[in-house]
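Engineer:
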Amino acid sequence: MLEITILRENPEMVIERLAIKNIDARATVKNILDVDVKRRETQKMLDDNLAESNNIAREIGNLFKQGKQADANALKSRTAELKAMAKELSDQLEQLQNEQNELLISLPNMPNVNTPKGKSAEDNKIIATEGNIPDLGDKFLPHWELTQKYDIIDFELGVKLTGAGFPVYKGKGARLQRALINFFLQEAINAGYLEIQPPLMVNEASGYGTGQLPDKEGQMYHVTEDKFYLIPTAEVPVTNIYRDLIVKQEDFPIKNVAYSQCFRREAGSYGKDVRGLNRLHQFDKVEIVQIQHPDKSYATLEEMREYVAALLRKLELPFRVLHLCGGDMSFTSAWTYDFEVYSAAQKRWLEVSSVSNFESFQANRMKLRFKDANGKTQLAHTLNGSALALPRIVAALLENNQTAEGIKIPKALVAYTGFEIID
RNA sequence: GGAAAGAUGGCCGAGUGGUCGAAGGCGCACGCCUGGAAAGUGUGUAUACGCCAAAAGCGUAUCAUGGGUUCGAAUCCCAUUCUUUCCGCCA
Numbered sequence: 225m226l227e228i229t230i231l232r233e234n235p236e237m238v239i240e241r242l243a244i245k246n247i248d249a250r251a252t253v254k255n256i257l258d259v260d261v262k263r264r265e266t267q268k269m270l271d272d273n274l275a276e277s278n279n280i281a282r283e284i285g286n287l288f289k290q291g292k293q294a295d296a297n298a299l300k301s302r303t304a305e306l307k308a309m310a311k312e313l314s315d316q317l318e319q320l321q322n323e324q325n326e327l328l329i330s331l332p333n334m335p336n337v338n339t340p341k342g343k344s345a346e347d348n349k350i351i352a353t354e355g356n357i358p359d360l361g362d363k364f365l366p367h368w369e370l371t372q373k374y375d376i377i378d379f380e381l382g383v384k385l386t387g388a389g390f391p392v393y394k395g396k397g398a399r400l401q402r403a404l405i406n407f408f409l410q411e412a413i414n415a416g417y418l419e420i421q422p423p424l425m426v427n428e429a430s431g432y433g434t435g436q437l438p439d440k441e442g443q444m445y446h447v448t449e450d451k452f453y454l455i456p457t458a459e460v461p462v463t464n465i466y467r468d469l470i471v472k473q474e475d476f477p478i479k480n481v482a483y484s485q486c487f488r489r490e491a492g493s494y495g496k497d498v499r500g501l502n503r504l505h506q507f508d509k510v511e512i513v514q515i516q517h518p519d520k521s522y523a524t525l526e527e528m529r530e531y532v533a534a535l536l537r538k539l540e541l542p543f544r545v546l547h548l549c550g551g552d553m554s555f556t557s558a559w560t561y562d563f564e565v566y567s568a569a570q571k572r573w574l575e576v577s578s579v580s581n582f583e584s585f586q587a588n589r590m591k592l593r594f595k596d597a598n599g600k601t602q603l604a605h606t607l608n609g610s611a612l613a614l615p616r617i618v619a620a621l622l623e624n625n626q627t628a629e630g631i632k633i634p635k636a637l638v639a640y641t642g643f644e645i646i647d
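Residue numbers (this note's numbering): 225 to 647.
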């Protein structure tokens, strides 16, 4: 959530920036500031009231010690009055705080000023395109047929065991998964990331910390008996490691990488988007997370962008990088790059990674802070990105590398798969 | 699943109704000491919100969470959550 101090000091700037995300925040911002004034007035009254009560209590204590029972009892009547008032004021204060908090939570993060203007995915700015799109001739299959042909991923069997969107990987299909996970983890470790193996279920507090709760709970699988949620991404447990922490400035940048299975209900999805590996309820992903000093977060974003690009180059996949426009950015992001690989058989671009700088938006909600050079605590910046999500990478690898002999495995992966071709 | 114990600051740990935001220790920071270090020694060391132009300062809240008793609660009462240990089960 946005910092209240920024809203107080520069409401116009906030309104202007949010307009880039096509949001008219004028009314909400005014509302927040009005509530803020009332909230502070109420707190002042309550604090004064409590201060008086505390003083009287102290005085009564002294009087009792001196044996002046009568004087002490005389003071008690005033405290009853104060107590009634305090109760009322603290109820009011709580209500105002809740009101302000709800309003603040309803505002998305401010996009960076350099964010492209636009309404939808059409308006995203393509900032790089790399690699060669293979010419498959006229005999080629989409991945959902290739997986059947080579018997490496069984969607039907997954339906039998669980339901749609829970495929079963078999033989070289399973080994390819394992190879990709190991490859992605090892690359990250080489780049200085600390590997984390997080729980796949989290409690409610963690869900709130990264913003899945209370709004997006429909997107998560819920273990009602124990009030746990299956994680939709490793970002949730990994980022929550730093919830309510004040880290040391020398620790920056904090770099974590985590492989996890991810579980998403994907309520409301349908059609060609969900065919085969394009959208699953359970999938594998390696996620990179960085926590950085505010002055350096944008340099870090570029570093992460370059890191993901390098992975795709090693996999020899044609890809492009998009700078998302205001209308297509997520609620929490200030700047997002999307990576898309070209799927030659489906003849379309598939999103495989999203690398974002959240600035202090997540950190504010989670109270993730650090002590700066002057000893003042301030919010850290958080960034994350997929590096990478497996299913669409697999789809593109299968489709783009299909040959008459079989599916060729890119050289960089062979050390991990132990085979060069799926046939 | 059954039984018991427990939850206090970055960590350990004292504290059973007032002078407790909380002894003591560790850690950390800065200084002294030292040729340099260790040891020793001195000082400091929570967070949030509010008041104030700001700093200083002041006020309020926080001893798992929520409620209650009381003029006054870390301390007493109730509920909840979590943790540990033992038994059972188990990869």
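The C-beta atom is built at its ideal place from N, Cα and C for all residues, glycine as well.
What you are looking at is a predicted structure, and each value in this text was computed from that prediction instead of being measured.
Please name the residue or residues paired with GLU564 in a DSSP beta bridge.
Structural biologist: GLU564 pairs with ARG544, GLU575.
Engineer: Which whole-angstrom value is the C-beta distance of ASN645 and GLU623, which I expect to be below 8 Å?
Structural biologist: Per the sequence presented here, residue 645 reads as Ile, with Asn not at that position. That belief does not hold up - the Cβ atoms of ILE645 and GLU623 are roughly 15 Å apart, past 8 Å.
Engineer: Within 10 angstroms of the Cβ of PHE288, are there 16 or more other Cβ atoms? Answer buried if so, exposed if not.
Structural biologist: Classification for PHE288: exposed.
Engineer: Would you mind sorting VAL261 into buried or exposed? The rule is 16 or more other CB atoms within 10 Å of its CB.
Structural biologist: VAL261 is exposed by the Cβ-count criterion.
Engineer: Are the CB atoms of LEU317 and ARG263 nearer to each other than 8 Å?
Structural biologist: Contact: yes.
Engineer: Within its chain, find whatever has a CB closer than 7 Å to the CB of ILE256; leave out the 5 residues flanking it on each side and keep chain order.
Structural biologist: Contacts found: LEU231, GLN324, LEU327, LEU328.
Engineer: Would you give the residue range spanned by the beta strand (DSSP E) that TYR432 belongs to?
Structural biologist: Run containing TYR432: none in the beta strand (DSSP E); it sits in the alpha helix (DSSP H), 428-433.
Engineer: If we count Cβ pairs, one from each stretch, closer than 8 Å, do we get three or more for the region 369-378 versus the region 350-358?
Structural biologist: No, the region 369-378 does not touch the region 350-358.
Engineer: In whole angstroms, give me the CA-to-CA distance for ILE631 and GLN514.
Structural biologist: Whole-angstrom Cα-Cα distance: 35 Å.
Engineer: Could you check how far apart the C-beta atoms of ALA249 and LEU242 are, in whole angstroms? I think they sit under 8 Å.
Structural biologist: Right, the Cβ-Cβ distance comes to about 4 Å (below 8 Å), so this counts as a contact.
Engineer: How would you label ARG282, buried or exposed, when you count the other beta carbons within 10 angstroms and need 16 or more for buried?
Structural biologist: ARG282 is exposed by the Cβ-count criterion.
Engineer: For GLN485, does the count of other Cβ atoms within 10 angstroms reach 16, so buried, or fall short, so exposed?
Structural biologist: Result: exposed.
Engineer: Roughly how far, in whole angstroms, is the beta-carbon of GLY550 from the beta-carbon of HIS367, given that I think they are within contact range, below 8 Å?
Structural biologist: With a Cβ gap of about 33 Å, GLY550 and HIS367 do not count as contacting.
Engineer: How about PHE452 and ASN427: do their beta carbons lie closer than 8 Å?
Structural biologist: Result yes, Cβ atoms of PHE452 and ASN427 sit closer than 8 Å.
Engineer: Between SER344, LEU612, MET225, ASN588, which has its C-alpha nearest LEU197's C-alpha?
Structural biologist: Given a span of 225 to 647 for the chain in the structure shown, any question on residue 197 remains unanswerable.
Engineer: When we look at the beta-carbon of VAL460 and count the other beta-carbons within 10 Å, is it buried (16 or more) or exposed?
Structural biologist: Buried, since its Cβ has 16 or more Cβ neighbours within 10 Å.
Engineer: Hey, out of ASP362, THR434, PHE408, whose CA is closest to LEU637's CA?
Structural biologist: The shortest C-alpha separation from LEU637 is found at PHE408.
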